[in-house]
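Which chain is which? The protein sequence lines are A and B, in order. Residues 408 to 713, numbered by this note's numbering, are exactly what the first sequence covers, in order. Residues 794 to 984, numbered by this note's numbering, are exactly what the second sequence covers, in order. Please read the structure below before turning to the comments.
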Amino acid sequence: MKAYAYFPGCSLEKMALSYHQSALECARRLDLEFQELDDWNCCGTTAYFAIDQLLSYTLSARNLALAEKKKLDMVTPCAGCYKNAYFTNVTLKRDADLAEHINEALKEDDLHYAGTNQVYHLLEVFCNDVGVQEIKKRVTQSLNSLRVAPYYGCQIVRPRKDHEEVENPRYFEDLIAATGATPVEYQLKMRCCGGSLLITSRKAAFSMARNLLQNAMDNGAAVIATACPMCQVNLECYQQQINQEFGARFSVPILYFTQLLGLALGASPKELGFGSELVSASAVLAQIRNKETSTTQSPYIRHATS
Amino acid sequence: MDTRPTFYQEITNMMYATHGDPISTCIQCGTCSGTCPVVEFMDHTPRDLIGMIRADLKDEVLASNTYWYCASCFHCNVRCPAHIDIADLMYTLKRYSIWKNQYPEGLIGPTFAETFVKMILSGGRSYEPVLAPAYIFNYGLQGFLNEALTATGLLLKGRIPVLPPRIKRLDNFRRMVGHIIPASNLVGEAK
């Protein structure tokens, strides 16, 4: 059983509790041990960088030090926390002066960061460490060709970390296909949903979310799978307001990819935090339970892809 | 002899100091502007803005809404043929304008960023309800009501915490922050 230091992040405490529950449930069913960091703090998100970059690095460094104390690599399900922790780690390893400065501050909490561990997003752990083939073997409940749009969003893919594919990655599609669902191909899968502008520039955020929802619908998605709590809130919780703003009639369930993966691994909807959606996911659950519907087309489809 | 750095030099120096790439390698190709998902809401495209900085148009740059509309999606970053960290440039301009207290009026961004920082310093974790007053009154009555409805929906589904979360070793945490921003107003107010 491989172990990781698990950093849930603030959203997963309440707003995205279903992501937390389903992430842990999937990990358990894939024989991974997730040890939650003791007394972790906010990663700083995007708002912090606007004010003070040094403080932002310090906040993430404290979480990295907590993980290092466990002698484990860090995994986080939140795309924002992931980006901050990943790049803090890279920067501290590269800049000894900065690391020394921050380690002075960390002393106040009896912590020290030497930079011996790695940072992974949950999606990476499932796709790379466990592997899509292994996950496929463990699927006990096929998702019946459910049309799932994998939404990568921004911060899992960008900024570029090494020489990896940033224009058209395929690992999310592969994971969805492994569950028996059909990954939907659509152009905006890595386009920003506008979540980080939701409060500061609402008009822009709604417009970006509308474009994304429309593009997924046009390509026949029955559900959008996310790997980021900010995207989930923007696309789901504000869907009603987006409908009002644009006179649209979206009713698209936005689920965490772990909720779908969990169903395929045999977990119950309750174990995966279903029931807290603002856009009902009952049609999704019905299709998975009922094999007869598996061949029918998505009711949301507007025009078939030629 | 006047040795004061120009605006262009100030901005590139800030980016050097925080590990960003300077913008002197920009070839004005416009790939960033063509890629940006928010460009239609900006009064200057990212390409424009870089050109304006290089021309030392300080007042025009700071009065622009462009850097506050950046969503930090990093799409321009991965496509820039000159490998400029454009998102970091936008962060740099945000910091610069907050320091100088010089940014366009009517934007929620600057207030929101500061409210957010104070919130983290007070409990060590993020707590959404504290953020609402920073923006909710800018939306007009209909926006206010819509937001209240969304919040109610979330509350009924148990997705908004009633009490702000607090980390256990908060005193240590605050002293740690005090090392980074000594005697800061932000820390003082948080206590």
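C-beta atoms are modelled at their ideal positions from N, C-alpha and C, and glycine is treated no differently.
Contact test: residue i Cβ vs the ligand GDP heavy atom, cutoff 8 Å
| i | result |
| --- | --- |
| residue 836 of chain B | Only the bare structure without any ligand can be found here, which leaves the ligand GDP out of the picture. |
Where residue i falls, given that 16 or more other Cβ within 10 Å makes a residue buried
| i | result |
| --- | --- |
| residue 892 of chain B | exposed |
| residue 646 of chain A | buried |
| residue 930 of chain B | exposed |
| residue 949 of chain B | exposed |
| residue 966 of chain B | buried |
| residue 427 of chain A | buried |
| residue 463 of chain A | buried |
| residue 490 of chain A | buried |
| residue 675 of chain A | exposed |
| residue 694 of chain A | buried |
| residue 365 of chain A | Here chain A has residues from 408 to 713 only, and residue 365 of chain A is not among them. |
| residue 916 of chain B | buried |
| residue 626 of chain A | buried |
| residue 408 of chain A | exposed |
| residue 440 of chain A | exposed |
| residue 890 of chain B | buried |
Residue i versus the options, residue with shortest Cα-Cα distance
| i | options | result |
| --- | --- | --- |
| residue 414 of chain A | A:601, A:656, A:445 and A:548 | A:445 |
| residue 598 of chain A | A:591, A:638 and A:610 | A:638 |
| residue 644 of chain A | A:411, A:522 and A:423 | A:423 |
| residue 535 of chain A | A:504, A:592, A:579 and A:418 | A:579 |
| residue 718 of chain A | A:561, A:481 and A:569 | Residue numbering for chain A in the displayed model covers 408 to 713; residue 718 of chain A lies beyond these limits and cannot be assessed. |
| residue 810 of chain B | A:411, A:412 and A:460 | A:460 |
| residue 817 of chain B | B:859, B:829, B:882 and B:864 | B:882 |
| residue 826 of chain B | B:890, B:815 and B:871 | B:871 |
| residue 540 of chain A | A:694, A:582 and A:656 | A:582 |
| residue 601 of chain A | B:969, B:971 and B:862 | B:862 |
| residue 633 of chain A | A:557, A:609, A:621 and A:604 | A:557 |
| residue 533 of chain A | A:553, A:683 and A:483 | A:483 |
| residue 471 of chain A | A:616, A:574 and A:520 | A:520 |
| residue 474 of chain A | A:610, A:487, A:505 and A:527 | A:527 |
| residue 696 of chain A | A:671, A:685 and A:524 | A:671 |
Interface flag, residue i vs chain A, CB-CB below 9 Å
| i | result |
| --- | --- |
| residue 986 of chain B | Outside the shown range of chain B (794 to 984) lies residue 986 of chain B, about which nothing can therefore be said. |
| residue 825 of chain B | no |
| residue 973 of chain B | yes |
| residue 868 of chain B | yes |
| residue 855 of chain B | no |
| residue 947 of chain B | yes |
| residue 803 of chain B | no |
| residue 969 of chain B | yes |
Residue i versus residue j: straight-line alpha-carbon distance, rounded
| i | j | result |
| --- | --- | --- |
| residue 886 of chain B | residue 855 of chain B | 8 Å |
| residue 565 of chain A | residue 867 of chain B | 6 Å |
| residue 982 of chain B | residue 911 of chain B | Since pLDDT at residue 982 of chain B reaches only 47, below the 50 mark, its modelled position is unreliable, and no value is offered. |
| residue 803 of chain B | residue 850 of chain B | 12 Å |
| residue 907 of chain B | residue 468 of chain A | 21 Å |
| residue 822 of chain B | residue 542 of chain A | 44 Å |
| residue 947 of chain B | residue 586 of chain A | 29 Å |
| residue 973 of chain B | residue 548 of chain A | 51 Å |
| residue 1005 of chain B | residue 884 of chain B | Here chain B covers residues 794 to 984 and nothing more, so residue 1005 of chain B does not appear. |
| residue 614 of chain A | residue 478 of chain A | 44 Å |
| residue 938 of chain B | residue 960 of chain B | 33 Å |
| residue 844 of chain B | residue 956 of chain B | 47 Å |
| residue 925 of chain B | residue 935 of chain B | 15 Å |
| residue 681 of chain A | residue 838 of chain B | 42 Å |
| residue 716 of chain A | residue 828 of chain B | The shown model of chain A, from 408 to 713, leaves out residue 716 of chain A, and the question about it has no answer. |
| residue 842 of chain B | residue 853 of chain B | 9 Å |
| residue 555 of chain A | residue 419 of chain A | 23 Å |
| residue 577 of chain A | residue 552 of chain A | 18 Å |
| residue 430 of chain A | residue 898 of chain B | 42 Å |
| residue 831 of chain B | residue 857 of chain B | 14 Å |
| residue 476 of chain A | residue 517 of chain A | 11 Å |
| residue 588 of chain A | residue 873 of chain B | 35 Å |
| residue 570 of chain A | residue 480 of chain A | 22 Å |
| residue 678 of chain A | residue 432 of chain A | 7 Å |
Neighbour flag for residue i against chain B, beta carbons, 9 Å
| i | result |
| --- | --- |
| residue 504 of chain A | no |
| residue 511 of chain A | yes |
| residue 587 of chain A | no |
| residue 610 of chain A | yes |
| residue 558 of chain A | no |
| residue 710 of chain A | Note that residue 710 of chain A scores a pLDDT of 48, beneath 50, so its modelled location is shaky and nothing firm can be said. |
| residue 365 of chain A | Given that chain A is displayed from residue 408 to residue 713, the structure contains no residue 365 of chain A and the question cannot be resolved. |
| residue 421 of chain A | yes |
| residue 522 of chain A | no |
| residue 573 of chain A | yes |
| residue 603 of chain A | yes |
Residues that residue i contacts on chain D, provided the C-beta gap is smaller than 8 Å
| i | result |
| --- | --- |
| residue 961 of chain B | This model lacks chain D altogether, as its protein chains are A and B. |
Ordered list of alpha helix (DSSP H) runs contained in the segment 840–887 of chain B, each at least 4 residues | 851–856, 859–862 and 868–872
- Continuous beta strand (DSSP E) assignments of at least 3 residues falling wholly in the segment 456–497 of chain A: 481–483
* Mind listing, in chain order, the continuous beta strand (DSSP E) runs of no fewer than 3 residues lying wholly within the segment 581–668 of chain A? => 630–633 and 661–663
Contained alpha helix (DSSP H) runs [length at least 4] in the segment 892–940 of chain B, N- to C-terminal order = 902–916 and 921–924
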